[in-house]
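Step one of this worksheet: look at the structure below.
Chains as they are written, first to last, in my numbering: chain A, 1 to 62; chain B, 1001 to 1465.
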């Protein structure tokens, strides 16, 4: 995917109260893009039409 | 080999030693060795001596639980009344917790003597557990996040310690420290009074000198707790029932693909030797593949990030400089990532569970086996391994082989199965059907009897009396 633009990430950080030198918007944008890219790889497992109900996990499965 | 719980129990009941004597020996050993290992963050000598005196009185009266007089250690994310829980983090305060966690209450009821609290990787979210060190080679990490528990048991300071496991944090230290570690089925052991990392993936369990030590301890801490609704469905479960059972007729799926490749050469060789030992012991082995496991890391982190961010929201806002940058990044991502990513992580977990169920049913399996980790203990400041000429982040490498069973919720045991060219321990992982810890323990204990690996001792260890 294209890199996340930094300015909206900066605004998002402010909106959720994450401000200060510990939260560099450019670094956060890069890390967040990587996390979203990782999650997007789950499309290969889940597809679009038959996504399992994520609330249905029950450890008693056998 | 460290002295096991059953050996200590026999000595105690025969009057050959006392809980007070054991406790004093343990406190002295911690004093002598922990300057090098940093396995403990807190030692409660006074509380331990009181508990030991009570255990001695119980033994004299012919009563006392299965852990009566046994020294144990507790990972410092688990509450012990009167002591702080600091979670390996400077973002926590030192205020003493008011109540024991349910697992601590149960250990005390079984007669255990709590020696102190062990080092955790910061926020139970990592594999280094600094400043703790690996007793086999103190330039190397003890694994994590339950690294202090792993180091304490491996060095023989205590026969058993409690840990937690969200993506491998019991089994990783067990493997790199050359001991046993058992992540039980999700929902078997209550987490009341424990700092969470990720509610839907967190498990509590024992790290022990032997599989039997893990089994006896798990038996003491398992079972429903009204305060932890995830334990509501846990069936009655005697996890020690088949400790003496053999391998004859046991059906074992061998997983060599997906996240279990690539491996370090020494690990691959030790794993094949372990499979051969299981075969020689009479088990029926069948190669299996679970393609869904290819998505292990993506599913694991899609869930952990948002859940950890939800729990540590105030800490992240108010004390961000007190949080390690890599963990901070996970928490920030978890805060900002689309909610749909989190839910698709949960959906992937269900798909992984279904893949596991399919394989167990198709092949009528009792357990699957795989390497616990693709490599042995990394250096304490090492960030990457190299497999087949390609770099891989140390944390990602360790977690890719352990997290499948956090996602599926199955019981998973690590026990020693060899050493690498440096003499560092290698772990074998045995995972069973949900709530069938007894079978996992049967296979693990039988493997221990067939092989010499549990008898080896690290460089830094307590000399047996």
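Even glycine gets a Cβ: it sits at the ideal position worked out from N, Cα and C. Remember, predicted model here, so these are calculated numbers, not experimental data.
Beta carbon of residue 1183 of chain B nearer than 7 Å to that of residue 1170 of chain B
yes
Any beta strand (DSSP E) of 3 or more consecutive residues that is wholly inside the stretch 1101–1145 of chain B
1113–1118
Touch test, the stretch 1418–1431 of chain B against the stretch 1258–1277 of chain B, Cβ-Cβ under 8 Å, three pairs minimum
yes
Where residue 1258 of chain B meets chain A, residues with beta-carbon distance less than 7 Å
Near residue 1258 of chain B there are no residues of chain A at all, since even the closest Cβ is about 12 Å away, more than 7 Å.
With distances taken Cα to Cα, identify the nearest neighbour of residue 1400 of chain B among B:1370, B:1454 and B:1279.
B:1370
Answer yes or no: does any C-beta atom of chain A fall closer than 7 Å to that of residue 1312 of chain B?
no
Under 7 Å between C-beta atoms of residue 1258 of chain B and residue 1406 of chain B:
no
Contact check, residue 1179 of chain B vs residue 1227 of chain B under 8 Å by CB: the rounded distance?
Going by Cβ atoms, the distance from residue 1179 of chain B to residue 1227 of chain B rounds to 30 Å, so no, they are not a contact pair.
Go ahead and label residue 3 of chain A buried or exposed: buried means 16 or more other beta carbons lie within 10 angstroms of its beta carbon, across all protein chains shown.
exposed
Between the C-alpha atoms of residue 1284 of chain B and residue 1177 of chain B, what's the straight-line distance to the nearest angstrom?
29 Å
Alpha helix (DSSP H) segment containing residue 1056 of chain B, residue limits
1045–1060
Mind checking whether residue 1352 of chain B and residue 1292 of chain B have CB atoms under 7 Å apart?
yes
Is residue 1341 of chain B close to chain A? Criterion is C-beta to C-beta, closer than 7 Å.
yes
Can you tell me where the alpha helix (DSSP H) with residue 1087 of chain B in it begins and where it stops?
That residue, residue 1087 of chain B, is in no alpha helix (DSSP H); it is neither H nor E in DSSP.
For a contact meaning CB atoms closer than 7 Å, what does residue 6 of chain A contact in chain B?
Within 7 Å Cβ-Cβ: nothing; residue 6 of chain A doesn't reach chain B, min ~13 Å.
Verify whether the separation of the beta carbon atoms of residue 61 of chain A and residue 1242 of chain B is less than 7 Å.
no
Run through DSSP, which three-state label would residue 1177 of chain B get?
helix
What residues from chain A crowd round residue 1301 of chain B, counting only those whose CB sits closer than 9 Å?
35, 38 and 39
Please decide whether residue 1307 of chain B counts as near chain A, where near means a Cβ-Cβ distance under 7 Å.
no
Taking any Cβ of chain B, which residues in the stretch 11–30 of chain A have a Cβ under 9 Å from it, in chain order?
12, 13, 16, 17, 18, 19, 20, 21, 22, 23, 27 and 28
Which runs of the beta strand (DSSP E) at least 3 residues long sit entirely within the stretch 4–56 of chain A? Give them in chain order.
none
Could you pull out every unbroken beta strand (DSSP E) segment of at least 3 residues lying fully inside the stretch 1304–1379 of chain B, listed in chain order?
1367–1371
Could one say the Cβ of residue 56 of chain A lies closer than 7 Å to chain B's Cβ atoms, at least one of them?
yes
Mind checking residue 20 of chain A: buried by the 16 CB within 10 Å criterion, or exposed?
exposed
For residue 1322 of chain B, which residues in the same chain have their Cβ closer than 6 Å to its Cβ, ignoring the five residues on either side in sequence?
1090 and 1091
Would the stretch 1017–1037 of chain B count as touching the stretch 1047–1056 of chain B if we require 3 or more Cβ pairs under 8 Å?
yes
Pull up the CB-CB distance for residue 1334 of chain B and residue 1298 of chain B, whole angstroms please, since I reckon it's below 8 Å.
Rounded, the Cβ-Cβ distance is 14 Å, inconsistent with contact.
Under 7 Å, do residue 1174 of chain B and residue 1161 of chain B count as touching if we go by C-beta distance?
no
Residue burial classification, residue 945 of chain B (beta-carbon count within 10 angstroms, cutoff 16):
Nothing about residue 945 of chain B can be reported from this structure: the residues present for chain B run from 1001 to 1465 only.
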